[in-house]
Amino acid sequence: ALRILLLYSANDVAMMIAEGVGGSVDRFVEMMNEEAKLLGATNTHFANPHGLTDANHYTTAYDLYLIFNQAIKYETFSEIIQMTGYQTVYYDKDGKEKQFDKSTTNLFLRADYSYTAPPNVTVIGGKTGTTSAAGHCLMLLARDVGGSPYIAVVMGVPSTDELYTGMTDLLEEIQKQLCRAVSQTLQMLIMLMQMKDDAMEALDIAQTYRKVESIFAVGGGMSAGLLMQQYMSMGRKKEALACLKEMTDAA
């Protein structure tokens, strides 16, 4: 049931889970609000388990981040949000066999759509949500080339295309952040060499600085760049220079 709920946004399944876990829908909603409060989601209030429009049902992007960040700590949740689809057989109230075969509503994970993450960013999984009042919404777990996790939230967008365009723009900030970090490391290398009167080597690095930045602009060299940054943080200048050479040689 949880797979059908998360992959297909099945509102009837949300009601069923609420009754099964809480004993009643009302009690389950109380549990939801209690958990939100514990997580610090102070601008959130739930009125139902499925998210359909209600004046007393509201949240914020930051509160969703807090809730999602807690949810991904559970293995089952993390597994489900990465699935591209789900097939199963169930029985209705009359005992008749029913087939369920649906793809995820997260179009980043579907090959039949052209939405893709920016270079050096991998979309792990996420959850969509759409109502006439809330618009198109999407929350994602992504990782950069170094494996660091990011949670991205886009809410209240008028259309599917604008939703995924907006999310792609947001994910591009990860790439920009990585570029800035590696760029700062390059500057540190130059400064250290200048302090040690290693002027020629500093000049060589300064001349390759723009070249390296152009590599990042097209999505390359980031793995070596991150490794270079790690070596610099440990004071291992020789290894950092080797990483810099790897990036420029590959260009």
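Take 2 as the starting number for the sequence shown in my numbering and just add one per residue. A virtual CB, placed ideally from N, CA and C, is assigned to each residue, including glycine.
- For GLY23, no beta strand (DSSP E) run applies; the uninterrupted alpha helix (DSSP H) run containing it begins and ends at 12-23, by DSSP.
- Counting along the chain, the unbroken beta strand (DSSP E) around LEU139 starts and ends at 136-145.
- In this structure, ILE18 lies near LEU3, with their beta-carbon atoms less than 8 Å apart.
- In terms of Cα proximity to GLY126, the closest of ASN70, ALA15 and MET33 is ASN70.
- Judged by DSSP secondary structure, PHE101 falls within the beta strand (DSSP E) whose first and last residues are 98-104.
- Ranked by Cα distance from THR89, the options GLY52, LEU53 and GLU98 are led by GLU98.
- Around THR54, the same chain offers THR132 and ALA134 as residues with beta carbons nearer than 6 Å, after the five sequence neighbours per side are excluded.
- Taking the CA atoms as reference points, ALA37 sits about 12 Å from ALA48.
- Burial check for PRO159: the Cβ neighbour count within 10 Å stays below 16, so the residue is exposed.
- Residue state for ILE73 is assigned as coil, using DSSP reduced to three classes.
- For TYR87, the enclosing beta strand (DSSP E) starts and ends at 86-92.
- The C-alpha of GLN100 lies about 24 Å from the C-alpha of PRO50.
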